[in-house]
Amino acid sequence: MSLFAELGMRYLIIQAPMAGVQGSELALAVTRAGGLGSLPAAMLTPAELRGELGRLAQSGLGPFNINFFCHRQREPDPVALARWQQRLAPYYAEFGLEPSAVTTAPSRAPFNEVHAAMVAEFRPAVVSFHFGLPAPELLVQVKAAGAKVFASATTVAEAVWLAHHGADAIIAQGLEAGGHRGHFLSDDLALQQSTLTLLAQILAVTDLPVIAAGGIVDGKGIANALAMGASAVQMGTAFLCCHEATTSALHRAAIHSPEGQQTALTNLFSGRPARGIVNRLMRDLGPLSDLAPHFPYASGALAPLRAAAEKAGDSGFSPLWAGQNVSGCRDLPASELIACWVKEAGLG
Ligand SMILES: Cc1cc2nc3c(=O)[nH]c(=O)nc-3n(C[C@H](O)[C@H](O)[C@H](O)COP(=O)(O)O)c2cc1C
Numbered sequence: 010m011s012l013f014a015e016l017g018m019r020y021l022i023i024q025a026p027m028a029g030v031q032g033s034e035l036a037l038a039v040t041r042a043g044g045l046g047s048l049p050a051a052m053l054t055p056a057e058l059r060g061e062l063g064r065l066a067q068s069g070l071g072p073f074n075i076n077f078f079c080h081r082q083r084e085p086d087p088v089a090l091a092r093w094q095q096r097l098a099p100y101y102a103e104f105g106l107e108p109s110a111v112t113t114a115p116s117r118a119p120f121n122e123v124h125a126a127m128v129a130e131f132r133p134a135v136v137s138f139h140f141g142l143p144a145p146e147l148l149v150q151v152k153a154a155g156a157k158v159f160a161s162a163t164t165v166a167e168a169v170w171l172a173h174h175g176a177d178a179i180i181a182q183g184l185e186a187g188g189h190r191g192h193f194l195s196d197d198l199a200l201q202q203s204t205l206t207l208l209a210q211i212l213a214v215t216d217l218p219v220i221a222a223g224g225i226v227d228g229k230g231i232a233n234a235l236a237m238g239a240s241a242v243q244m245g246t247a248f249l250c251c252h253e254a255t256t257s258a259l260h261r262a263a264i265h266s267p268e269g270q271q272t273a274l275t276n277l278f279s280g281r282p283a284r285g286i287v288n289r290l291m292r293d294l295g296p297l298s299d300l301a302p303h304f305p306y307a308s309g310a311l312a313p314l315r316a317a318a319e320k321a322g323d324s325g326f327s328p329l330w331a332g333q334n335v336s337g338c339r340d341l342p343a344s345e346l347i348a349c350w351v352k353e354a355g356l357g
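Take 10 as the starting number for the sequence shown in the numbering used here and just add one per residue.
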């Protein structure tokens, strides 16, 4: 029996975990509709995560995927933070903000003992990781809880590494994908490939199931990836405008505007490259800049600016994460989107 049949998914469609724009409501809707709903944990406090896991458990539905980041947390660099604040100072002045509004607390915690204990308690069917895998002693706990482990690879070398270090399925994250690049062996963006190219090459080096992610937004895209040998697809951007997502009105408007067509990789919002719709900050500073402090500390000085700008109806300082293909973003309940794709792809 295939891994996905074992999980009890009706359709080979995984809703990509998307920190900051969704919670359990979207995950519940997708799993109820026959796909695999995902809950992003990267930006949740332990108490928030417990609440969300409780909601999933209470639903009596399954399966679910709980997603974590597993970057190595470094201390902030005060010199880099000061330089960043200095560069942002003119914007602070423009929005009437005090420099003291800056926070240096990390905005995203990597997978840790507290998370592992919650996985053991709630026993999700799948746990997925971005930026590699956690330390072996933590991964053992995830597996002991009965979860299948999925992890993102952005190169063939990363896929091979994940296969050797305990992943049960590889997510081939192509360059088209919205949100953070999951790379962890090399930060050379020149090594990154588009989804179908990456998929074909990863399939050639592993017997593990490979999930295609990046730029897939409709039934034709799903059918195409499955025909190429993907065991399932993972779709994020296509869910951004659905009713159950918490995507802000400004973010939704940017997706539907002509600017939605223009995305770029940027490190300005967190310190790591991620794909989003080009906005004022990216245009002014250049999307990739040495000025941005390392992950995840770039977001601290931007948070007050983003809040003030958004209050004024301006998304120029917000991370407008989206993939290159926004043509599938529709304002519908997730179940209706999935039903359309299933019909188009002939999965029904
Ligand atoms: C708004 C947004 C937030 C994302 N956040 C996460 C995340 O928290 N964890 C993760 O593993 N991937 C995250 N991703 C990446 C997705 O897992 C996936 O690789 C991507 O959505 C696939 O490309 P697509 O957006 O073109 O469908 C995010 C993507 C988007 C668009």
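We put the CB at the ideal spot given by N, CA and C, even for glycine. None of these values were measured; they are calculated from a predicted model.
- The three-state reading of DSSP puts Phe-326 in coil, since its state is none of H, G, I, E or B.
- At a Cβ-Cβ threshold of 8 Å, Leu-148 and Ala-162 do not count as neighbours.
- Note on geometry: alpha-carbon atoms of Ala-118 and Phe-78 lie some 7 Å from one another.
- Under the three-state reduction of DSSP, Gln-271 is assigned to coil, being neither helix nor strand.
- Its Cα nearest to that of Trp-330, the residue Gln-31 stands out among Arg-19, Gln-31, Met-18.
- Between the C-alpha atoms of Pro-143 and Asn-121 there is a straight-line separation of about 8 Å.
- Leaving aside the five residues that flank Phe-193 on each side, the residues in its chain whose CB is nearer than 6 Å to its CB run, in chain order, Phe-140, Gly-141.
- The three-state reading of DSSP puts Leu-45 in strand, counting E and B together.
- Contact check for Ala-222 against Ala-25 passes: the beta carbons are separated by less than 8 Å.
- The closest heavy atom of ligand 1 lies 7 Å or more from the beta carbon of Pro-143.
- For Met-237, the closest alpha carbon among the candidates Ala-181, Cys-250, Ala-258 is that of Ala-181.
- Check the Cα spacing between Gly-332 and each of His-80, Leu-294, Gly-183, Leu-297: the tightest is with Gly-183.
- Within the DSSP bridge table, the entry for Gly-183 names no partner.
- Closest in alpha carbon position to Glu-353, among Ala-232, Val-335, Thr-215, is Ala-232.
- Not one heavy atom of ligand 1 sits closer than 7 Å to the Cβ of Asn-233.
- For Gly-187, the distance from the CB to the nearest heavy atom of ligand 1 is below 7 Å.
- A Cβ-Cβ contact shorter than 8 Å links Ala-301 with Gly-280.
- Within the same chain, and ignoring the five residues on either side of Val-123 in sequence, the residues whose Cβ sits closer than 7 Å to its Cβ are Pro-55.
- With respect to the 8 Å criterion, Leu-12 and Val-242 are not classified as neighbours on the basis of their beta carbons.
- Look at Val-30: its beta carbon is less than 7 Å from one of the heavy atoms in ligand 1.
- Under the criterion of beta carbons closer than 8 Å, Val-219 and Ala-239 qualify as touching, at roughly 6 Å.
- Of the residues Ile-23, Arg-19, Met-27, Leu-16, the one whose Cα lies closest to the Cα of Thr-255 is Met-27.
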